[in-house]
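Enquirer:
Residue numbers (the UniProt record's numbering): 1 to 126.
(1) Take residue 111 and list the residues in its own chain whose beta-carbon comes closer than 8 Å to its own, dropping the five residues that flank it on each side.
(2) Out of curiosity, what's the CA-to-CA distance linking residue 26 and residue 58?
(3) Closest Cβ-Cβ distance between residue 121 and chain B: below 8 Å?
(4) Less than 8 Å separating the beta-carbons of residue 69 and residue 124?
(5) Helix, strand or coil for residue 41, going by three-state DSSP, please let me know.
(6) If distances are taken between C-alpha atoms only, which option among 64, 73, 15 and 18 comes closest to residue 40?
(7) Quick one: residues in its chain with C-beta nearer than 8 Å to the C-beta of residue 71, no 5 flanking neighbours on either side, listed in chain order?
(8) Give the secondary structure of residue 15 by DSSP, where H, G and I count as helix, E and B as strand, and everything else as coil.
(9) Where does residue 56 sit, in a helix, a strand or coil, going by DSSP?
(10) Within the same chain, show all residues whose beta-carbon is closer than 8 Å to that of residue 106, passing over the 5 residues directly before and after it, in chain order.
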């Protein structure tokens, strides 16, 4: 994946775009995460990013970047199909890693605390 493609994916969009993206992310995040959890070396950061993206106190631009990256993660169609075992999530990981690196100072302790709480439970939200 090149930087131009990742940059295009991570555009924050306007408020209406973010609302649609948040709806998709909220409905598809946990099922997709459950399928990918073993293949993602930074699951804690990913879950914290989810909580940061859905936190109304997170700045608009940051929420938009995270929602775009998480939206790419949950979409069933992407550059490398997720059905392809380990290779399938490499493009998702590249997009998520870039997004988290761009905004990591906005992921607060409360987001990590919530991620730790959820990951400690055997039953993830649905």
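Just so you know, even glycine gets a beta-carbon here, dropped at the ideal spot from N, CA and C. These figures come from a predicted structure and were not determined experimentally.
Expert: Working from what's here:
(1) For the purposes of this step, residue 111 is taken as residue 111 along the chain shown, with counting starting at 1. Contacts found: 48, 49, 51, 52 and 55.
(2) The sequence position of residue 26 within the chain shown is 26, counting from 1. The sequence position of residue 58 within the chain shown is 58, counting from 1. Computed Cα separation, rounded: 16 Å.
(3) Structure shown: chain B not included; a single protein chain is present.
(4) One-based indexing of the chain shown puts residue 69 at position 69. One-based indexing of the chain shown puts residue 124 at position 124. Cβ distance not < 8 Å, so residue 69 and residue 124 don't count as in contact.
(5) As a first step, residue 41 must be located in the chain shown, where it is residue number 41. Correct three-state label for residue 41: coil.
(6) Stepping through the chain shown from its first residue, residue 40 is reached at position 40. Proximity to residue 40 across 64, 73, 15 and 18 peaks at 73, based on C-alpha coordinates.
(7) Working through the chain shown from its first residue, we reach residue 71 at position 71. Same-chain partners within the cutoff: 21, 24 and 25.
(8) Your numbering for residue 15 matches position 15 in the chain shown. Under the three-state reduction of DSSP, residue 15 is assigned to helix.
(9) Numbered from its first residue, the chain shown carries residue 56 at position 56. Coil.
(10) Position 106 of the chain shown holds residue 106. The residues are 52, 58, 59 and 62.
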